[in-house]
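Structure first, then comments.
In the numbering used here, the protein residues as written are 27 to 224.
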């Protein structure tokens with residue numbers, strides 16, 4: 027029986043998660059499996075890979091064939107290199123200590139790269155947030171300036187209107203005084219004419 031290390035899909039629509047399983051090559055994708063050795067979540071950045079390295083290495087050494095995606099994941103975790111080094115130990119090309127030393131050096135370098143990438147992602151998120159806040163502050167400042175200019179225009183338009191209203195009120199008052207004065211003079215004039223007639 028051909029044994030494969032492959033992914034079995036689970037999770038809701040458009041939010042897929044996968045189990046890393048050991049299964050017969052003839053079994054359906056989400057069907058029967060021999061053993062579950064890990065999980066894979068591609069929805070995060072970087073993708074979350076959780077694999078039992080010892081079990082995966084045992085199955086690799088026993089001859090299980092990984093699919094392309096799982097092979098890339100195992101290479102990312104260093105298991106394909108470990109298998110390569112272990113085959114070299116079996117053939118006598120190097121000792122177990124040398125193989126372990128090489129694998130530990132590779133693992134330290136890989137961890138440093140992963141940490142650097144995580145730091146870069148966090149830094150880019152912080153920079154994006156800072157840029158967004160600065161852009162929002164600029165928009166708010168421009169909006170405040172526009173409101174201040176609009177208020178100044180409204181005040182400037184209101185002052186001439188108030189002056190015109192004051193002038194109109196003064197003109198009305200003067201006209202009223204003139205009409206009152208005319209009325210008083212017209213009343214005095216007939217009285218004087220009446221006195222003249224007598």
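Positions of the beta carbon are idealized from the N, C-alpha and C atoms, including for glycine. All of these numbers come straight from a predicted model, not from anything done at the bench.
Using 10 angstroms around the beta-carbon of residue i, count the other beta-carbons present and answer buried if the total reaches 16, otherwise exposed.
i, result
"residue 92", "buried"
"residue 63", "buried"
"residue 111", "buried"
"residue 31", "buried"
"residue 148", "exposed"
"residue 103", "buried"
"residue 96", "buried"
Can you list, in chain order, the residues of its chain with a C-beta nearer than 6 angstroms to that of residue i? Leave out the 5 residues immediately preceding and following it.
i, result
"residue 106", "100"
"residue 82", "63, 105"
"residue 61", "48"
Let me make sure I understand the geometry here. Which of the options has the alpha-carbon closest to that of residue i?
i, options, result
"residue 226", "72, 86, 129", "As displayed, the chain neither begins before 27 nor continues past 224, which places residue 226 out of reach and without an answer."
"residue 68", "109, 81, 46", "46"
"residue 109", "94, 126, 95", "126"
"residue 88", "36, 52, 28, 142", "28"
Do residue j and residue i come within 8 angstroms of each other at the CB atom, strictly closer than that value?
i, j, result
"residue 116", "residue 90", "no"
"residue 34", "residue 74", "no"
"residue 44", "residue 65", "yes"
"residue 151", "residue 72", "no"
Might you give, ordered along the chain, the residues of its own chain that have their beta carbon closer than 7 angstroms to the beta carbon of residue i, omitting 5 neighbours on each side?
i, result
"residue 128", "111"
**Study point:** Length at least 4, wholly inside the segment 69-147: the alpha helix (DSSP H) runs in chain order
**Key:** 79-88, 94-103, 105-117
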